[in-house]
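Trainee:
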Amino acid sequence: MGAYVSTENCVAHYGITPNCTVIRSSDGLNALVLGESTPGTFQADPDIAGIGVLGAFISVTVFALLMSIASMLWWSTKNIFKPDMRLAREEKELKNWKFSVSCILESLIATCSDQQVFTGGAYAITLRYAKACTVSAYHYNVVANILLVTCATHLMAVTVSRHYWEHVYVGVLRITVTTLVYIITGVLLSNQGSTSLGFPTEIPLATETYSLMLLPAACFQSGRSSFRAEIGKALQAGSLRAFFGGQIHGWTNFLIMFLFYLIAVFISLGRLIRRGTDPDCRRYKFVKSLENTFPPLFRAKRFFYILFGIYLAAGIGISCWTVITAGLYVFELRQWVDRSGWIHQSRNTNPENDPSTFGQLVPMLLMSLTIFTFLNTVSERVYARRALRHSRRAGPTIDTHNPQDDGLESGSGSGNYREKSEAVNIGIAIAESDSNSMPLAEIPLHNDNNPGGGGGSGASTRHNIPIATSSSSSRIHRSAHIDASRGEATITTAAADTQPSAHGSHSHSEAGTPYLPPLGSFSSPLIMNTSTNTNTNNSSSVGGGGGWQSPFGGAGWWQSPRLTAERTEDWSGTPSAPSRQQRRQQQRRRQQGLPGDDLSDLGLSSEANAAPPPVPRKSPSREFASQRGDSYSEGYGRADAVRRAEGYGGNGTEIELGLGGRVQ
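Under UniProt numbering, the letters of the sequence shown match residues 1 to 664, in that order.
(1) Taking the alpha carbon of Gly232 as the reference point, which residue from Val168, Ser190, Cys112, Gly309 has its own alpha carbon closest?
(2) Applying the criterion that 16 or more other CB atoms from any shown protein chain within 10 Å of the CB defines a buried residue, is Ala124 buried or exposed?
(3) One question on the structure: do Gly52 and Gln345 come within less than 8 Å of each other, judged by their Cβ atoms?
(4) Output the boundary residues of the alpha helix (DSSP H) element that contains Leu32.
(5) If you draw a straight line from the C-alpha of Gly171 to the C-alpha of Tyr164, how long is it?
(6) Less than 8 Å between CB atoms is the rule here; does Glu36 satisfy it with respect to chain E?
(7) Since Arg339 is in the alpha helix (DSSP H), which residue starts that stretch and which ends it?
(8) Got a sec, what are the start and stop residues for the alpha helix (DSSP H) Arg24 sits in?
(9) Count Cβ pairs between the segment 42–52 and the segment 355–375 that sit closer than 8 Å; are there 3 or more?
(10) Which residues bound the alpha helix (DSSP H) around Asp47?
(11) When we look at the beta-carbon of His154 and count the other beta-carbons within 10 Å, is it buried (16 or more) or exposed?
(12) For Arg588, count the other beta carbons within 10 Å of its own beta carbon; 16 or more makes it buried, fewer makes it exposed. Which is it?
(13) By the 10 Å Cβ neighbour count, where 16 or more other Cβ atoms means buried, how is Ser211 classified, buried or exposed?
(14) Quick one: grab the DSSP three-state call for Ala511.
(15) By a C-beta neighbour count over all protein chains shown, 10 Å radius and 16 as the cutoff for buried, is Leu259 buried or exposed?
(16) Cβ of Gln217 within 8 Å of Cβ of Ala130?
(17) According to DSSP, Phe42 sits in a beta bridge with which residue or residues?
(18) Do Thr17 and Cys10 have their C-beta atoms closer together than 8 Å?
(19) Let's see if you can read the secondary structure: which residues bound the alpha helix (DSSP H) around Arg224?
(20) Can you give the beta carbon distance from Val143 to Leu333, rounded, assuming they're within the 8 Å contact cut?
(21) Are the segment 31–42 and the segment 348–357 in contact at 8 Å, needing three or more beta carbon pairs?
(22) If you follow the alpha helix (DSSP H) that Glu8 is part of, which residue opens it and which one closes it?
(23) Are the Cβ atoms of Met156 and Ile109 separated by less than 8 Å?
(24) Using a Cβ-Cβ cut-off of 8 Å (strictly less than) and excluding sequence neighbours within five positions of Ala234, which residues of its own chain qualify?
(25) Given a threshold of 16 other Cβ atoms within 10 Å of its Cβ, counted over all protein chains shown, does Asn145 qualify as buried or as exposed?
(26) At which residues does the alpha helix (DSSP H) containing Ser190 begin and terminate?
(27) Run the CB neighbour count on Tyr383, radius 10 Å, all protein chains shown included, and call it buried at 16 or more, exposed below.
(28) How should Leu105 be labelled, buried or exposed, when 16 other C-beta atoms within 10 angstroms of its C-beta is the threshold for buried?
(29) If Val117 sits next to Val160, beta carbons under 8 Å apart, how far is it from one beta carbon to the other, in whole angstroms?
(30) Under three-state DSSP, which class holds Ser211?
(31) Helix, strand or coil for Tyr164 per DSSP?
(32) For the alpha helix (DSSP H) holding Ala110, just list the boundary residues, first then last.
(33) Which two residues bound the contiguous alpha helix (DSSP H) that contains Phe199?
(34) In the DSSP output, what is Ser136 paired with across the bridge?
(35) Which residue marks the beginning of the alpha helix (DSSP H) containing Pro204, and which one marks its end?
(36) Determine whether the beta carbon atoms of Gly309 and Ser76 lie at a separation below 8 Å.
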């Protein structure tokens with residue numbers, strides 16, 4: 001309702017004269033007439049105070065509140081309580097096909113806010129224009145507090161959602177409309193204190209038989225804007241009791257929410273700037289300049305994570321407090337009116353308790369938008385997952401890279417020299433679960449001629465290939481052809497003569513019927529374990545980058561070794577059946593489209609289906625490239641090829657990242 005609405009202005013602008021007549025009984029305990037209503041004739045308005053409308057608004061807000069709490073707990077677990085769960089940006093890029101809990105929760109919260117922006121705005125406009133002079137003070141109180149509930153939803157969306165500004169123009173529209181809803185809500189609430197008569201906002205006692213809130217709301221308004229006056233009155237309150245116990249119900253909630261909302265908008269803009277990842281964009285350059293100017297601020301991450309966690313908890317707490325107080329107020333007020341005997345009955349029922357009217361069905365059906373958003377978000381992830389499965393089945397396209405042609409980056413500079421060495425153990429996954437593995441062959445790879453922007457980095461990679469153990473019952477000749485560039489090994493098993501291999505043999509006794517592995521050839525993925533050591537020296541050199549990254553996570557120049565190793569071994573015993581855990585892992589890998597499923601058809605109890613070692617959780621860029629002139633070489637991925645070369649030379653930075661087996 002606008003600031004100029006009053007009895008006089010309704011006559012002048014709308015030609016409507018609000019009836020503010022009050023006729024009491026002779027003893028003064030009861031009212032005979034309130035405006036145009038007598039007991040049993042007060043007109044209900046289900047489109048405003050109907051149980052379906054209130055249920056829709058409260059349900060959506062409570063759902064958003066639960067999603068916000070879940071999102072806050074998930075974020076706090078990853079960043080405060082268990083920081084090892086936090087993924088680096090490179091890992092997020094590689095895992096962008098998986099279901100993101102945070103993404104789903106935040107999408108649902110934003111949908112709840114978008115839904116209530118327009119429904120709440122529609123009720124506010126209706127109250128301002130269509131029913132400005134006819135709405136009762138009772139229904140006015142209901143609408144004002146329902147708008148408070150919607151403001152709580154908007155506050156949670158701005159506070160929690162990281163993707164509020166994912167599309168800038170949509171974000172600007174959201175902020176504009178939401179701010180207007182906040183302002184309209186403030187105007188509606190402030191108009192309740194615009195006259196000396198006092199707007200009836202208190203819930204009558206159960207023993208009271210009438211209340212002035214059944215009169216038109218225009219009877220209690222002066223026609224002047226009191227928004228600024230009410231803000232000043234609240235700020236000048238001499239005590240907390242005066243601040244929280246004002247005449248207008250919900251005014252304190254509104255002031256606190258509105259102030260926090262303005263803070264949340266600026267923080268969300270800061271989060272948008274912080275997430276800039278393109279080196280050529282202004283956001284990225286701005287963040288880098290801040291990092292160079294105030295480096296301590298970017299090192300005390302845990303401290304700022306704790307502060308941000310407090311900020312999230314405060315925003316959700318304020319919203320929860322508002323939803324509880326406003327919701328209880330509205331339902332208690334409806335309960336008194338329903339029992340007062342003043343409301344007009346339709347078929348012996350209060351029309352506001354019947355949710356089947358058109359005005360109530362619309363907001364109730366709009367709640368289904370949340371379900372559609374959830375299904376849309378999940379469908380996008382499922383589609384991306386299927387696309388990645390298809391690309392994996394098609395096979396990676398990894399070219400053989402020559403360090404002299406592909407690894408060097410232009411630029412020069414001096415600084416701290418980080419030498420990072422990784423030992424990567426890659427094995428053929430055909431070992432028995434209860435046996436001691438022995439290496440069939442070793443493929444040492446080493447290249448320390450890897451210049452970087454501050455001197456260079458070197459890497460050493462060693463491939464150990466374990467083979468299954470055996471006993472003296474049967475003789476098997478097994479050869480392994482390792483193609484590390486494709487990340488697989490071809491195993492050929494055949495019957496052997498009685499002469500032992502030059503590589504020797506290994507015996508392992510096992511009770512049961514002698515068992516002979518199947519003959520023939522099959523391909524097996526390589527599995528790995530990675531360990532990293534770092535040395536620091538002072539030097540300077542020309543060059544700007546790290547180098548070609550191994551598809552298995554090792555650092556340094558990646559070569560394409562191909563080796564055929566042979567071994568004759570003795571074999572007997574019975575194959576051990578896979579455990580329940582191994583079967584679950586096999587099923588999970590089949591569902592994810594990962595390699596290693598075909599080993600179960602070979603009659604072997606294999607460790608190939610065990611989950612590969614986890615990718616390092618922390619990006620080394622912030623550890624090994626903290627000063628100008630530093631360089632590093634790092635990669636993430638299991639069967640996908642990833643190239644990442646980054647160097648800080650004299651005049652710039654170059655980053656190359658390949659995803660999904662294809663170098664981009």
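Glycine included, C-beta positions come from ideal geometry on N, C-alpha and C.
Mentor: Reading from the atomic positions:
(1) Ser190
(2) buried
(3) no
(4) Per DSSP, Leu32 belongs to no alpha helix (DSSP H); it is in the beta strand (DSSP E), 31–34.
(5) 6 Å
(6) Absent from the structure: chain E. Only one protein chain is present.
(7) 301–340
(8) First-last for Arg24: 22–24, but that is the beta strand (DSSP E), not the alpha helix (DSSP H).
(9) yes
(10) 46–49
(11) buried
(12) exposed
(13) buried
(14) Confidence at Ala511 is low in this model, with a pLDDT of 32, below 50, so the placement of that residue should be treated as unreliable; the coordinate-derived value is given next. Correct three-state label for Ala511: coil.
(15) exposed
(16) In the sequence as presented, Gln is not what sits at residue 217; that position holds Ala. Not in contact: Ala217 and Ala130 (Cβ atoms no closer than 8 Å).
(17) Ile343
(18) yes
(19) Per DSSP, Arg224 belongs to no alpha helix (DSSP H) and is neither H nor E.
(20) Val143 to Leu333, Cβ: 12 Å. No contact.
(21) no
(22) 7–13
(23) yes
(24) Phe243, Gly246, Trp251, Thr252, Leu255
(25) buried
(26) 168–190
(27) exposed
(28) buried
(29) Incorrect: roughly 16 Å between the Cβ atoms, too far for contact.
(30) coil
(31) coil
(32) 101–125
(33) First-last for Phe199: undefined, no H or E at that position.
(34) Pro216
(35) Note, Pro204: premise wrong, no alpha helix (DSSP H); not H, not E.
(36) yes
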